[in-house]
Amino acid sequence: MLSRRDQVQAYFFMVGRLVSALMRGRPDDPATPNRRLATGTIIGLLIGALVVAGFTVYGFISPGGKTSWQGPPEPSSWRRRPVPATSTSTVSSDRC
1 MLSRRDQVQA
11 YFFMVGRLVS
21 ALMRGRPDDP
31 ATPNRRLATG
41 TIIGLLIGAL
51 VVAGFTVYGF
61 ISPGGKTSWQ
71 GPPEPSSWRR
81 RPVPATSTST
91 VSSDRC
């Protein structure tokens with residue numbers, strides 16, 4: 001007769017095979033079910049970090065864009081813009 005420890009070990013072995021068969025369709029596959037997900041996530045994060053680092057280095061090497069905002073404003077920007085004419089109020093003064 002099997003001891004209680006042997007029965008528990010057999011139970012967990014069968015549960016593991018059942019979970020493996022349901023998740024992958026192959027109960028004897030040695031890889032864990034979530035290993036593929038974890039590996040893909042880690043590789044994706046590393047590739048994303050490399051892309052961000054590459055764009056950062058490129059931005060430091062060849063900065064671009066308009067830099068006129070860093071200096072004093074141009075004299076033409078000090079001129080007042082004409083204010084559009086507004087219409088008079090539509091509310092009559094005899095209304096209470």
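Residue numbering for the sequence shown follows the UniProt record's numbering, beginning at 1 and increasing consecutively. Think of the CB as a built atom: it goes at the ideal place given N, C-alpha and C, for glycine as much as any other residue. Here the structure is a predicted model, which is why all the values come from computation and not from measurement.
- In the three-state reduction of the DSSP assignment, threonine 56 falls in the helix class, which pools H, G and I.
- Valine 51 and methionine 14 have their C-alpha atoms spaced approximately 44 Å apart.
- Pairing glycine 44 with tyrosine 58, the inter-Cα distance amounts to about 21 Å.
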